[in-house]
Each structure stands twice: as C-alpha cells, then as structure tokens.
Ligand SMILES: Nc1ncnc2c1ncn2[C@@H]1O[C@H](COP(=O)(O)OP(=O)(O)OP(=O)(O)O)[C@@H](O)[C@H]1O
Ligand SMILES: Nc1ncnc2c1ncn2[C@@H]1O[C@H](COP(=O)(O)OP(=O)(O)OP(=O)(O)O)[C@@H](O)[C@H]1O
Ligand SMILES: [Mg+2]
Ligand SMILES: [Mg+2]
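Next up, the structure:
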C-alpha cells in the first residue's frame, strides 16, 4: 500500500507547475507587505485554522461565530480546523489545507510562532491570501503597529493579546491600584505570544511605576485546575501579594477559587483580561475587580472581511487594531461600568 | 513448629503480614522505615521542605497540600488495584474530566448529592467499558484505555455543549470546599478511601483475589477464580473513583471542562510506582501509594510555593523522582 | 513423522519464518492478509478515506501523509526495539523536542550536517542515561523515563533560553523539506530506517538477542547474553532516532521549542501496539509497526483534511483504534 | 558429533574445583563450605533432599549463583563469580531445573539461544536449520523448528534445553533434574548421549531424585543434606539403601511398595455405590478420542502412558479447561457437558493439580502462604472478611501436612527450591475440600523422602472417601498406588487394568504401549 502511495507521490506533478503562476485572468494582485504580492483568486472557500478548539473554549466558539457571520455576508464557504493547542496538529492542518488547493484564502490563529515559515512558503507557492489572528505569525507579539503583521500575510487582526493591548491592560490595573502593591501575574506557558507580549509590556510600564511591583510570575498550562493549585501555593509562599493580574478567564476562575480557599476574599484584588460573560459574572459578584475586554467575534469577522476585500483589490490595513472592534475600549470594565458593556462571548 | 510460633518469626515478605512481628509502636516504626525506604524519602523531603520554606508546616499550607492532592489520591488508589492485577488505565484523566463535567452540568437542576452520584456512576460505567474491552474483547490495556480516553473526552465535550461549565449554586461547592473539623471534605474523602481500600486489599477475599490475579492469572483461573470479573471490577473501581475525583475538583474550583485531566493518568501511575508497587502485578499496597503521593505532593508544593524557575523545577523534580526510586531499588536489592 | 517432513509441512507459526512456505507473490500477499488483520484494517481505512475525501489519493496529499509522519515513524521504529525487550520509553517526546532545540540552536553557527550529528548524539546520550538508569540502577522503566523526560525538557528549556528558536538559514531547512526523486528527504530517511531496522531485527544476531531478552530475560542471561547491554542499547537507539526525528521536524517547520513532543511517547507506543507488538516483550516486528503507523496516519490525515468537529473526531478516532485492535485480538484467538 | 570436539581426551583431570564454597540467602544456608571436584570423563551425580543445595551447587559453577564465600576454578583458572557469561566462556554449560525456554521464540531459535550460527553478525538460518534437524534425529525429538516453544509440551521443551547444551562445545555439562519430565524413551536417549560425551572427556554433573538412574549412570555420587556435603564416593560403593540413609540422615525404606488394598467404599449390603465420576464419549480436537470411564469414590485411578499420549490433555478436559471438548460427565449423579468451564467443574467438586507449576500453579512473586490458599478463601473468610492470621494459619496447617517447612511460608514462592514449590501446590490441595482430585505429575522434582510422604498423603486423602486420578511419568508410582490403571496411547484408552483382579507391573504397562507402537509402525 505504502509503495503505491509513495510511487504516486513521487510521480505527481509538482504543485508549482499547476495553476497560479503568472497573472492570469481573474486574479488580483494583492500587496502582502515587504514588496511581495499575491495573485489572488476570487475567494470562494476560506479555511479558518484555529489554535484552540471551539468545543472546549467559549472564546473559540465566539471566533467561529464571527467568522461564520462574515462568511454568510460575503457569500463564501467557511471550513474551520481546530488544532486544540497542539503544535503538530496545526502544522499538519496547514500543510494539508494548503496542498489541497481547495482554499483561496485562510485565517490563521497561530498556536505558537512555529507555523511562520510554512505560511510564508505556502503563500509564495500556492498564492493564497492569509490573515493572522490573535497571536502574531512569526513571534513578534512584543512589537507594535504594522510590525505585528508578518510579510506574506494580508493583515494582522488583534491587539489585545499583543504588546499594545497588554500595555493598556497593565496600565489600567495600575491606575486602579493606588499606593504600594505586590502583584502576582498569572500567565500561560512561557512560549505563548501572549506571555511574551505581557513581558514586553511590563518592561515598558513597570519602570515608571515603582510602587506597583510584580513579585511573582506564575506560568500555567492555561487550565483552571492548574491555575487553582499554583495560585494557592504561590499565595501561601508569598503572603504579601494583594493583586492578581490574570491573562485569561480560565486562569481567573482558578485564581478566584484559590483566594476563597485560603479565606483571602476581599484582601486580594483580581484584574483579568477576557471580558466574556463568565468574566462579567465574576465582576458582578465582586470576586474580580475588573475585566479587560477582548473581542473574538469582531476579530474573526474582521479577518474574513479583510480577505474578501483584499481579493477584490480593495486596500486593507496591515494591522487591524483592537481585535477589529471599532468601539473596542482600552480599559477594564469594573462593576460600575458593566451596565454599558455587552460581552462578545 | 506450630503456627503460633511461626507468627512471631522472621520479618514477613508480604505487606499484609508485615509489622505484625512485634507490636510496640517504635518497633513498628523502625520496621516500616527499614523495609520501606520510600517512607524515609518522604520524611527527608518534608524536612528539606521545612528548611527551604518556612511556611511549609503552616496548617494552611498542609491543608492546601492535602486538598489539592485529594483528587489524585482517589485516582491513585483505584489505580493501585488495577496495577496489582497487572494492568493499568490511561483513561482515568478523561473519566476525571468527564466526571467534573457531568457533575457541573446538573448545577441548578438537581441536588448536589444526586449530581455527585450520577457523576460517579458515569465514571463507573466508563470503567466498565474499559473492563469489558480488556477482559472480554481481549484488547491490550494500553490501546483500549488510550482509545476510550479519546472517546470519553470527545463525548464529554459534546455533552458539555462546547463550553466551560460554571458552578453557581452554593450547594455544589460544599463537597469541594467545606471543612469538617478544620479539614476540607475532599481530604476526608481521600482518607476514608485510603482506609477502606487498604482494608479491602489486605483483609478481604476480594483483595486476595486481586493479588492472585496479578500474581499469576493462569493459576488464578485454574483455581476457579473469575479472573476477568476481578480484573474488570478494578477498572470499574478506578472509573468510579476518577469520576468522584472529578466531582471534587469541579466543586473545588467551581468550573468544569472536558480537557481537565491531561496528565492525570501518568501522574497516578507514577504515584503508584514511586510508592513501590510494580507494573508487573501481584505486589503492592495502598500504604505504598500513600507514600508515593506524599513524595510527589511535597515536591510540587515546595516548588510552587517558592518562586522557582519552572524549567529548573521540572529538571529537579525529574531528578528527585528518579533518585528516590533508584534508592528504593537499591534498598530492595540489599535485603 | 520425521523432522525433515516436519520442516516442510503446515505453515509456520513464528513471524520471522512466516511466508516462507510458498513464495509466489499472491500466496505471500494472501498469507499476510490472513495472518495480519491489521493490514486489512489499513486497507479498509484507506478506501474509506478515499470515499470521504476526494483529495486523499492526490500525490501531494500522500506526500503530506508520509512526510508528516516521518518523525513519528523513526521514534516508533526505535520504540519497537525497546518494546520487544519488554520495556518502554516515555521520554522520547522530550528527547525529540530536545533534538529539535539542539539542532536549531546551531543555526548560523555550524554546518547543518554537524548540527544534525550533534542533535542525534545528544539523543543517544539521553537514551544512554535511560539505559543506565533502567539496567544498572534498576529503576522501573516507567518512572525512570518519566523522570528523565521531565529533566530533559527542563534542560532543553534552559538551553533554549526560554524561547522558541527560529531557523533562518536555508541549509538548515534542507533535510526537512527538500525532495529527492520527488519524495521528501524525511520520508527517505524513515524508509531506510524501516528497512535497516527490519533487517536488524529479523536477520542478525543482535535482533535475535533483542527477542530473547524480551521473551525471557533470565533465560537470556543464563545463556550468556549481556542482557543489560542489549536492553540499554535499545534505549540508546530510540534516543538517537528521537533526536533525529526532532531534527527533521525542526528543519521541516523551521522552528524548535522544548515542548514539542508532548504526546509523542504515547503516540509511538500506540503505533507499535496497534501494529500488534505486545507490551510484554519477546514478540513483534518492524512490519507491524509500519502497519500501525499507516493506520494512525490515515485516520489523522482524513480528520485533519476534513473540517470535522474535533470532539466527534476524537471520539471516532478512539473507536476506530479500539475496534481495529479488537479485531486483531479476535483474529488471533481464531488462529 | 565427536568430530568437532578438540580435546586431549585426557580423563580424570579436574575440570571444576569448588573450594570452600558457601552460599546464604538471608538466614538460609543453601551451601556450607563445599569442596568438590568434577573430573573430565566422569559423570558425577548430586543427590539430596529438596532444598539440600544441589541446584545451588550447580548454579555456582554455571554463574547463575554468586557464592557468598569461596572460589571456584574451571580448568585451573578462577571463575568470575555470578556471571553466566564467564562460565560459558570457560566452557561450562548448564540445564537448569526451572526451564529457561523463551516461550515466544521458535523451537529452533531456542536451541540456538545465545549461541547463534552467524557470520558478521548475520544469522545463517539454513545452517542452523540443518544442525537443528540433525540434533532432532540424534535425540529423537519431534518438534517443528518454527513452532513457538510455548506450544510445546514440557518434555519437548526440556529436550530443547538439552539440545541447547549439546550444541555448545562444552567442557563441563551440568544437568539439573533433566529427566524429571522425560519418559523412558527420552531418558534412554539422554543417557546414551551422556555416555558418549563422557567418553569424549566432558565432565558431567547431574541432579536426579531417581536413585536407580543415579546408580546406573554415574561414576561418582555426592550426597547433600541441608547445604552440607555429606559424602562423595565412587558410584560402585553406594547402594540405594546407603544413599537414602545418607540423604535423610536416618534409616529408611528404599523403594515404593504396594501398600494399598482396595479402598472401595462398599455399603452395608455389600453393593458398590455408583461411580462418583462418569465420563462418556470424551472427544477433543486436542487429540483425545472416545474416552469413557468411571471413577469410584475412595479410589485412586492411575493413568499411564508415554509422553504426549494425552494424559495431561485428559486431565485438563476433566477440569473444564478444554473449551473444544465434547462428551458428558456425570459427577455424583449430575450430568453436565465436559466443556463447562473451570468454575463449573470446581463447583461440581473437581480440582486439578497442574503439571506446570511455574506457569499454571504458582504466583512466584507472592508469598508461599498466599500460594497455598490461592483462590480458596471460603474456609478462612467470614462474609468476605479474612481475619488477621487466618490466612497464614490455614496455609501453615496445609503446608505442614505435606512436610513443607512452615518457616518459609512468608518467602516468595520463587525463592523456594523446585521440590518445595511442588509441595506448595500439594498444600493448596490439602487446603481445599474437593471430592475429586486430578493430579498431574504430583511428585515431579520431589525428593525420595518427600515423594513417599506425598504419596502417603494422597492415600490419606482417598481414605477419607475422596477420589483421585493420578498421572505420573514414574510408572512405579502409578503401579504401586492405583486401584485401577488406564493405559493411554495416542489419546485413546488402550487398556484398563484392575489391581484387585490382576497384578499390574511396570513391565506389563510398558509392554502394552510399546507393542502398540510397533504395530503402528
Ligand atoms: N533466590 C533464592 N532466594 C532465597 N532462597 C533461595 C534462593 N534460591 C534457593 N534458595 C534456598 O536455598 C536452598 C537450596 O536450594 P536448592 O535449589 O539448591 O535446592 P535443591 O537441592 O536443588 O532442591 P530441589 O531438589 O527441591 O530442587 C533452599 O532452601 C532454597 O529455598
Ligand atoms: N498448548 C498446546 N499447544 C499445542 N500442542 C499442545 C499443547 N499442549 C499439549 N500439546 C500437545 O498435545 C499432545 C498431548 O500432550 P499432553 O501434555 O497431554 O501429553 P502428556 O501425556 O501429558 O505428556 P507430558 O508428559 O508431556 O505431560 C502432545 O503432543 C503435546 O505436544
Ligand atoms: Mg533443585
Ligand atoms: Mg503431561
């Protein structure tokens, strides 16, 4: 069987030979940065390569929803591939979707920067349009502005999980915490773009705020139980901590419970980034002081919209800031602002 | 020589008969220490932890250690049974997460007790599936439980309606967080489970049968035991305990997701092996599992309480575990 | 009946001697199919995949399947040796990631060939550590390799300076991506490894010793074999192959991180077991591992190419694997 | 065979010299200050009770056992202790009491284990096959080279081990109870083979509990007792009586004698009750054909036959272990199909003592006491609860009734000498209360004193009204202890003999089976 497979694989035409060489009729030249262009075909099928999984993650579910709405509006077919945070899975999905030739455009939400090279090569070879969502493609989460968009891609949709957003988040936390504080930062794994963006933001903000000290950085695997245990132990080991800054809602849930289990309710102020309905509930109950909103639905919508527009020759911004939500606020939502806030997820 | 005389001779080789020789507390303690080097290791680690970290013996810290590890304890207890029959179960992490999801899904719909029972029953059912696949369909335990793990996680995900389930009602938080006599309920549950399981293994016909099946299943079959049934029952047990562990966690942290238990299976097996129960079956005990759990729990607590570079943490943890087990194997070879 | 007659009668029962009775190609094919039900399963899956997904037999898709699975193939080949000696290795994922990191770290500093060699040597060294812990210090393979896995990942993380390493120079991308005769180099490497390993196992003194050690290590020791050395050598082999696999992946995808191989160990063991090599040792073959790999590869490709609800995907994958192995065990019991 | 042995043919040269060898396992002295020579061209027999230290003594030379103190010299050079590889290199080859077969490997691969014919590391299969077939002819073995060893009978596996030893061009050959699972024909082949090696100047040591064999085939006999070397003298100076006395340290009977008178239970009016077990038309694809017989209560029914005649298969079928068997059995008036499964047979009152203690009988890593009560907890438990000490007490009672040293009840069964392991199996049987017992080779590997004890305890058991089917390769045992004997060949009953009506002798049985073999030719 494998012999057959191999033989056919070997004899098959090289993909470079087929299809999209030259500027044939019906294609549009699209600028993808760094002086490169793509001969874009009219977009009929879009693949959305999602880093997480819709199934276990409401944020991802909101992403899917946004992308579906845009797909309906622009009359394109959308297929969603979920990597479930597994690096290899996303790599393989990318390879399979690229080589299948079925998709003229893709939204990529990288799990980590490791699909960078593959996307850039894929663009050259298959002349597909790509927008990147959330985390940057080539690991430049700690930069800002148009630099967030990698060469080869149409645009980058995000902001909240990159340095600009993290910077705003941290500043907001500090602004609401007058006086001297020792804070614990609850983060994802060391490698994640968000974590790196957070650290970059810290370097920008913290030196100007000597009273606000981050005394603990706790890395987790993004899961609630992990956050629960680690925060419990960390608070035990460092009893002076009075602020927790959580990078994500699943982590917040664990942190809140850990505080409760130690009987420290009310003594530790929790800030978080997320802004989903679970977060709103936690703010409402007073367990979390404020939640910094993110806009998964808008961002996926904007990502797909950018692809369609670019393929029609319209110019789209390289960096679509604030997750593509035009009203995206860069401040946390404490309890008193909840009435005017509608969560996207 | 009479049997009564016998009962007071040379140290025993089976656990169940150990420490019966002289019954003064010091003699028993000494006996345990020389026979079970891992008890030494646990003790040494505790002392090291106390030196490195002032708050280690703080009642609150001890309470944290115990309650954080209660779910793992339950699963490791079940795993001890499975491993004594010479098998193992990689699906416990999935069952654990599924148990949490099932429990949380009834929040506001049923009473917490009923939800707990349903979650435990779901875990037992998953265990039964494993047991049937392994003993009736004769599928290798590794593949069978890896396969059911995937299937169970998938099912739990679909069941959860694709979202993290939040527990809102107070009553659903009781079993995970409330204290009885100053000790969290999960810790009580784990302690009761240790005692019951220890009794079951060493003092009942069922326990002996578990050892016999693991010691030589052909011999057990020839002497008329229902080898399949016994082995399957251990899977049901670990399934039910994993479901219960999931309930405790969900209640503790107030939320449930189908991807909770990723490393649970390997952790549980590691706990059992570090304690000194072998993968070959026919030997082991609940006391050993308890020791193994202590060792891992102390290391984790120490590292997480001190702000320790996670990479270095991981490295050192690996070394400690290997060194501890190496010491155990050395001590055994000297006996 | 005399032995001469005997030698030319009924089909043989051991693998290594199978298919020697009649040597016409069709007879051999038939023989393989009846004796190895997993080959049927792989075939059936391929047909199902073709029906469900038009592009399945597309040359480019086939090339994807092969090159995506080349690293896993290398590790599974090494794991086959380890498992035939009756052991297993949970640290291959960590070694794999460490190999990738080591390779990538020399980007722009050394030649790609040298970097590859260093990464493979690092893998072999890690394997040697496992081998020594298991055969000399006598630590149970589960704990030893789980411990070294943690230690290796920690060390690789520190070595990598806590960041993903990007490969920039073209030369470091060659071994992962270039084609020879239309087939990616990793696929060639995996094929060569399959052939060499198959030959080593079935036709050499070393291979026979591997089987003997796994079949009955006491017997092997008493007949003068260096049981420890042989078992340790299989760990070195799987270590080196895992390092190489890491190099291929890093070169393929252009980046390396110490947390790459999380599920690699379980996947590799699953591949070997699905193929029909047992965890008990003494049996198995490289051909089986190849079949097991095909089965998993086809399922994964199908699911990754169709935009399929991952929860359902996971469930179905679990069921297929369990059903396939169930079929295998049923077919064996009928023989 | 002899062509590739390059030896100076010089005899009486000392090849193996034990110098003050001692071996202790914890508190057990397996060997105490043994000084012993094994000489070229000499067959040296080691005899002694179970646990006397014979296997340990051979193990020291083979490198399996590292002596606690003392040195051992091979051909004048000190041997590296406890390293089988060095021993092999020095020309010592051993066949161990517990078989060292690799079950998953083919018969041929097992024979060439650790000694493959190869060139540049590549196996030379054709050469090995030829050599294997030659050896099979020579030793009268009929095992297909490709069949996995686990499918072979114990006897065939034993022969594979012997072939393995033959293959090595050894200077010293050590056989630990090589004949325990062999029948007359194979024993004969083995001894003529040993004879030939002896003439070629090989030093041979063997352990056997069969004293006739020892007296017939050895040049020197050394007696062990409790780890001590009692006496070492030329074979001619021993006779059975002196040997037994030296072994046991007391005066004792030397041969089995028929002590049984019929034990059939008769009712007051002299009418025999119906059979306790009736087998009708037992057939099995495993090779049993048309087997029908009755077993009466209080009776010992012996089954005699050659190796491979189907005796073990018959017992396994009766115990419910043959899922393909057809036919019916009637136990105490209740009729049931023969393939009802073990549990059904057990409930009906049938218990099996399997022949392969290592794989079917004992959990070697578990304590001896656990092994005695394995699977039989009813009489020590109350509502599933086992009170402290109940287990060890019950095990102790059963074990002492088969002369098992109760001090060792807490040791893992795997640490016991072969004979003592066999006693454990018997103890389990004492511990249970099944009316019908099937004993497959109950005295294999048991010393002469213990054998008598075991056989006596079997008689005691039937005296209480239980019944026994006895399978033994030792025809003498069958003849002296059975009330009736069924002779089996090729899976059929070829003759039923009744000790109360005729005189059964070993010769008469052998005549039947060999006559049958002739006509079959
Ligand atoms: N690995 C071991 N651990 C502990 N004790 C052992 C071990 N091996 C042997 N012994 C003990 O050493 C003594 C001598 O055993 P050995 O096997 O040499 O006896 P043997 O004369 O061969 O008896 P048999 O006729 O029953 O085979 C016995 O008491 C036995 O239980
Ligand atoms: N598991 C098995 N698989 C294949 N063949 C077997 C198996 N068990 C027994 N046999 C074969 O069945 C035949 C009858 O064997 P059985 O064990 O009943 O003989 P026996 O008279 O008891 O001789 P022994 O002295 O070897 O026990 C033998 O030829 C044996 O090789
Ligand atoms: Mg012996
Ligand atoms: Mg037999």
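Protein chains in written order, with my numbering: chain A, 125 to 469; chain B, 34 to 368; chain C, 34 to 368; chain D, 26 to 546. For every residue, glycine included, the Cβ atom is placed at its ideal position computed from N, Cα and C. In this text the structure is predicted, and so the values were computed from the model without any measurement.
Residue contact with chain A for residue 338 of chain C: present (Cβ-Cβ distance below 7 Å to some residue of chain A). The beta carbon of residue 55 of chain D sits closer than 6 Å to at least one heavy atom of ligand 1.
Closest in alpha carbon position to residue 199 of chain A, among A/455, A/448, A/428 and A/284, is A/428. Contact between residue 153 of chain C and residue 267 of chain C fails: their C-beta atoms lie close to 16 Å from each other, not under 8 Å. For residue 41 of chain D, the closest C-alpha among the options D/48, D/92, D/103 and D/70 is that of D/103. Residue 86 of chain B carries a coil assignment under DSSP once its states are collapsed to helix, strand and coil. Contacts with chain D at 7 Å (Cβ-Cβ) do not include residue 211 of chain C. Only 236, 237, 238 and 239 from the stretch 212-239 of chain C bring a Cβ to less than 8 Å from some Cβ of chain D.
In the structure shown, the three-state DSSP call for residue 409 of chain D is coil. Taking a beta-carbon distance threshold of 7 Å, residue 309 of chain B does not count as an interface residue toward chain D. Chain B places no beta carbon closer than 7 Å to that of residue 267 of chain C, leaving this residue out of the contacts. Apart from the 5 residues on each side of it in sequence, residue 178 of chain D sits with its Cβ closer than 8 Å to the Cβ of 332, 333 and 337 in its chain, given in chain order.
Contact between residue 159 of chain B and residue 185 of chain B holds, with the beta-carbon distance rounding to 6 Å and staying under 8 Å.
Assignment of residue 138 of chain C by DSSP, reduced to helix, strand and coil, places it in the helix class.
A check of alpha carbon separations from residue 323 of chain C across C/58, C/69 and C/169 identifies C/69 as the nearest.
If you ignore the 5 residues before and after residue 310 of chain D, its C-beta comes within less than 7 Å of the C-beta of 349, all in its own chain and listed in chain order. Taking all protein chains in view, the Cβ of residue 213 of chain C is surrounded by fewer than 16 other Cβ atoms within 10 Å, so the residue is classified as exposed. At least one heavy atom of ligand 3 lies less than 6 Å from the C-beta of residue 80 of chain D. Under the Cβ criterion (8 Å, minimum of three pairs), the stretch 130-144 of chain B does not count as touching the stretch 351-364 of chain B. Here residue 304 of chain B is buried: its Cβ has 16 or more other Cβ atoms, across all protein chains shown, within 10 Å.
Within the stretch 427-441 of chain A, contact with chain B at the beta-carbon level (separation under 7 Å) is assigned to no residue. Not one heavy atom of ligand 1 lies closer than 6 Å to the C-beta of residue 340 of chain D.
Of all residues in the stretch 288-299 of chain C, only 288, 290, 292 and 293 come within less than 7 Å of chain A when Cβ atoms are compared, listed by chain position. For the pair residue 253 of chain D and residue 431 of chain D, the Cα-to-Cα distance works out to about 21 Å. Shown here, residue 123 of chain C sits in coil according to DSSP, grouped into three states, outside any helix or strand. The stretch 361-385 of chain D is shown to contain whole beta strand (DSSP E) runs of 3 or more residues at 375-378, in chain order. With respect to the 7 Å criterion, residue 298 of chain A and residue 257 of chain A are not classified as neighbours on the basis of their beta carbons. A direct Cα-to-Cα measurement between residue 181 of chain A and residue 385 of chain A gives close to 25 Å.
Taking C-beta atoms as the reference points, residue 395 of chain D and residue 352 of chain D fail to come closer than 7 Å.
Close CB contacts of residue 131 of chain C within its chain, under the 6 Å cut and outside five residues either way in sequence, are with 185 and 189 (chain order). With a beta-carbon spacing of about 6 Å, residue 316 of chain B and residue 390 of chain D fall inside the 8 Å limit used to define contacts.
Distance from the C-beta of residue 396 of chain D to the nearest heavy atom of ligand 1 is not below 6 Å. With a cutoff of 6 Å, residue 310 of chain A does not count as near ligand 1, since its C-beta is closer than that to no heavy atom of the ligand. Think of a sphere of 7 Å around the beta carbon of residue 256 of chain B: the chain D residues whose beta carbon falls inside it are 399, 400 and 401, in chain order.
Given a length threshold of 3 residues, each whole run of the beta strand (DSSP E) inside the stretch 42-75 of chain D is given here in chain order: 53-64 and 68-73.
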